[in-house]
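Numbering (my numbering), first residue to last: 138 to 633. Idealized CB from N, CA, C, for every residue including glycine. Data first, discussion second: the structure below is written as structure tokens.
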Ligand code: AMP
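Put into structure tokens, the structure is as follows:
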């Protein structure tokens, strides 16, 4: 099987003749750093040649003044990557540059294509050779090798063949493309720079930092091309998906809950108030008597404020985050992850001592961090710890780009809410319902991918991936839908 790369990443693109596009991309990637801290890369074109620099590390570690000056041109794409264990090798850093019958193409990918190995085998059978084991290279090679006079025809082939999530920025010597898969699982937006340039970014916060104006989101199934003549839009597969389904939006709900920055907009909604609404609903669904409400910083701060406002329980800062440690999940090794919690948070004893504390967090995935956070708060003197989570229990693995863990590692796939409460040693535990989570987003219900909570995948998941998910042997067949698993029946709040 191919490495599961191109996961939860940040992608960026800029077309701005006369501007320092590499530097603009550097700043864009910097704003998207929270989407991936493992590698960073920029590709530029000067109209004749493609220039590329990609390395392991944070954006500010990878790019120095000297490196940026080796990246001339009028257009650029960039990528910041997050990956799973074992996949962190340098040759997988993006953007990836491919050359083929249709010329040279740089590609940056956020998402995960679940049938990439089948696509790769088909391409290999026609004589195409590969340098990496990534799904991103498969998409790039398909685009430069497949039959088709125009880019639209080739994108149509890609969209008909690829099953999964792909928000892409692509660069040829004279055009920049922004593409979203027909389900729009990962975000991608368009901005206008200084009235003449164009920008693509995974999140709107990158536009804000560059002083670019938000134009709109790239639509599911849309190819947006920017060249010397301006912006052109097309929908190469119209209304039909690879498996024959009708195009519908299935933007990842977890982007609203956790991934995207609170100052980004998704589906027209600023995420900070969305998360405050999640917190307020959480109070409505799982009220509790307590003295203070704290959030696990930074991702749950807005939700904690919302919970406090709705409940009338005072909001306080009980944990201070050491901002420069990075996300604990980033460390692929479990021991490092455990130490990471202490490196990441410091409790404020004077605030917590003698208090009944509501702790709001956005999610429990493996259940490794949360017990340590609870323990830390108790050691600082809290008399009660009531955990409130602004999402439903995560019971199913993500095949579309979130490194959440396999099914065996997901605590809620294996334990009831009461068992999880015991595991994390909280006095009570309450999860926000799926309905409550979706309604707080302000989006039309049914337009999100809720697979990790509901088991309802928006497109067929190959058995081969399900084998991975279930930890069993599975069959080698591809593109066979798995039966939707049974929904959770356990109540979503429990008390000790
Ligand atoms: P755990 O108790 O080990 O499941 O960790 C829960 C914490 O991990 C919460 O504070 C979440 O904000 C955070 N979290 C959830 N998903 C991810 C992810 N994919 N990457 C990094 N952190 C995450």
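- Under the three-state DSSP convention, the category residue 563 falls into: One-based indexing of the chain shown puts residue 563 at position 426. Of the three classes helix, strand and coil, the one that applies to residue 563 here is coil, per DSSP.
- Task: Spatial neighbours of residue 163 within its chain, please: CB distance less than 8 Å, with the 5 preceding and 5 following residues excluded, ordered by chain position.
- Result: Looking up residue 163 in the chain shown gives position 26. Within the same chain, residue 163 has close Cβ partners 179, 196, 200, 205, 215.
- Message: So, at 6 Å on beta carbons, what are the nonlocal neighbours of residue 563 in its own chain, with the 5 sequence-adjacent residues on each side left out?
- Response: Working through the chain shown from its first residue, we reach residue 563 at position 426. Excluding residues within five positions, the ones whose Cβ falls inside 6 Å are 511, 522, 524.
- Query: Where does residue 515 sit, in a helix, a strand or coil, going by DSSP?
  - Reply: Taking the chain shown and counting its residues from 1, the one referred to as residue 515 is at position 378. In this structure, residue 515 counts as helix in the three-state DSSP scheme.
- Message: Whole angstroms are fine: how far does the CA of residue 571 sit from the CA of residue 587?
- Response: Here residue 587 refers to the residue found at position 450 when the chain shown is read from its first residue. Here residue 571 refers to the residue found at position 434 when the chain shown is read from its first residue. Distance between the alpha carbons of residue 587 and residue 571: 8 Å.
- Query: Got a sec, what are the start and stop residues for the beta strand (DSSP E) residue 306 sits in?
  - Reply: Within the chain shown, numbered from 1, the residue matching residue 306 stands at position 169. Residues 304 to 308.
- Would you report the Cα separation of residue 610 and residue 364, rounded to the nearest angstrom? Your numbering for residue 610 matches position 473 in the chain shown. Your numbering for residue 364 matches position 227 in the chain shown. Legend: pLDDT at residue 610 = 33, less than 50; position of this residue unreliable, value from coordinates given subsequently. Spanning the two alpha carbons is a distance of roughly 49 Å.
- Message: Can you tell me whether residue 147 is buried or exposed? The criterion is at least 16 other CB atoms within 10 Å of its CB, across all chains shown.
- Response: As a first step, residue 147 must be located in the chain shown, where it is residue number 10. Buried is the call here.
- Query: Roughly how many angstroms separate the alpha carbons of residue 240 and residue 202, rounded to a whole number?
  - Reply: Here residue 240 refers to the residue found at position 103 when the chain shown is read from its first residue. Here residue 202 refers to the residue found at position 65 when the chain shown is read from its first residue. Looking at the two C-alpha atoms, the distance is approximately 30 Å.
- Message: So, under 8 Å CB-CB, residue 387 and residue 321 are touching, yes? Tell me the CB distance rounded to an integer number of Å.
- Response: By 1-based counting over the chain shown, the position of residue 387 is 250. By 1-based counting over the chain shown, the position of residue 321 is 184. Right, their Cβ atoms sit about 7 Å apart.
- Message: Which same chain residues end up closer than 6 Å to residue 188 when comparing Cβ atoms and leaving out the 5 residues on each side of it in sequence?
- Response: The sequence position of residue 188 within the chain shown is 51, counting from 1. So the list reads 181, 208, once near-sequence residues are dropped.
- Would a C-beta distance cut-off of 8 Å place residue 250 and residue 212 closer than the cut-off? To locate residue 250, count along the chain shown from 1; it is residue 113. To locate residue 212, count along the chain shown from 1; it is residue 75. Cβ atoms of residue 250 and residue 212: not closer than 8 Å.
- Item | residue 411, buried or exposed, once every other Cβ within 10 Å from all chains shown has been counted against 16 | Residue 411 sits at position 274 when you count from the first residue of the chain shown. So residue 411 counts as buried.
- Can you tell me the Cα-Cα spacing of residue 310 and residue 362, whole angstroms? Here residue 310 refers to the residue found at position 173 when the chain shown is read from its first residue. Here residue 362 refers to the residue found at position 225 when the chain shown is read from its first residue. Each residue's alpha carbon lies about 13 Å from the other.
- Reduced DSSP secondary structure (H/G/I, E/B, other) of residue 495: Here residue 495 refers to the residue found at position 358 of the chain shown. The answer is strand: DSSP assigns residue 495 an E or B state.
- Item | Contact check, residue 548 vs residue 501, beta carbons under 8 Å | Sequence index remark: in the chain shown, residue 548 carries index 411 (1-based). Sequence index remark: in the chain shown, residue 501 carries index 364 (1-based). Closer than 8 Å, so yes.
- Query: If we ignore side chains and look at the alpha-carbon of each, how far apart do residue 287 and residue 406 end up?
  - Reply: On the chain shown, position 150 is the one that residue 287 refers to. On the chain shown, position 269 is the one that residue 406 refers to. So the alpha carbons of these two residues sit roughly 36 Å apart.
- For the beta strand (DSSP E) that residue 398 lies in, which residues bound it at each end? As a position in the chain shown, residue 398 is number 261, starting the count at 1. First-last for residue 398: undefined, no H or E at that position.
- Message: Checking 8 Å against the spacing of the C-beta atoms, do residue 330 and residue 307 come in under that value?
- Response: Working through the chain shown from its first residue, we reach residue 330 at position 193. Working through the chain shown from its first residue, we reach residue 307 at position 170. Not closer than 8 Å, so no.
- C-alpha gap between residue 467 and residue 303, whole angstroms: Here residue 467 is taken as the residue at index 330 of the chain shown, counted from 1. Here residue 303 is taken as the residue at index 166 of the chain shown, counted from 1. Any reading at residue 467 needs caution, since the residue's pLDDT is 48, under 50, leaving its predicted position unreliable; the model's value is listed next. So the alpha carbons of these two residues sit roughly 21 Å apart.
- Item | Whole-angstrom C-beta distance between residue 486 and residue 517, which should lie under 8 Å | What you label residue 517 is simply residue 380 of the chain shown in a count that begins at 1. What you label residue 486 is simply residue 349 of the chain shown in a count that begins at 1. Correct: roughly 5 Å between the Cβ atoms.
- Item | Residue of 560, 533, 550, 210 minimising C-alpha distance to residue 594 | Position 457 of the chain shown, counted from the first residue, corresponds to residue 594. Ranking the options by Cα distance to residue 594, first place goes to 533.
- Query: From this set, 232, 414, 359, which residue's C-alpha is nearest residue 579's C-alpha?
  - Reply: For the purposes of this step, residue 579 is taken as the residue at position 442 of the chain shown. Out of 232, 414, 359, 414 has the C-alpha closest to the C-alpha of residue 579.
- Query: Going by alpha carbons, who is nearest to residue 550 out of 454, 565, 590?
  - Reply: Working through the chain shown from its first residue, we reach residue 550 at position 413. It is 590.
- By Cβ distance below 7 Å, which residues in the same chain neighbour residue 374 in space, the five residues on each side in sequence not counted? Residue numbering aside, residue 374 sits at position 237 when the chain shown is read from its first letter. Closer than 7 Å at Cβ, skipping near neighbours: 293, 296, 297, 319, 358.
- Item | Closest Cα partner of residue 574 within the set 456, 497, 584, 418 | Counted from its first residue, the chain shown places residue 574 at position 437. Residue 574 has its Cα closest to that of 418, out of 456, 497, 584, 418.
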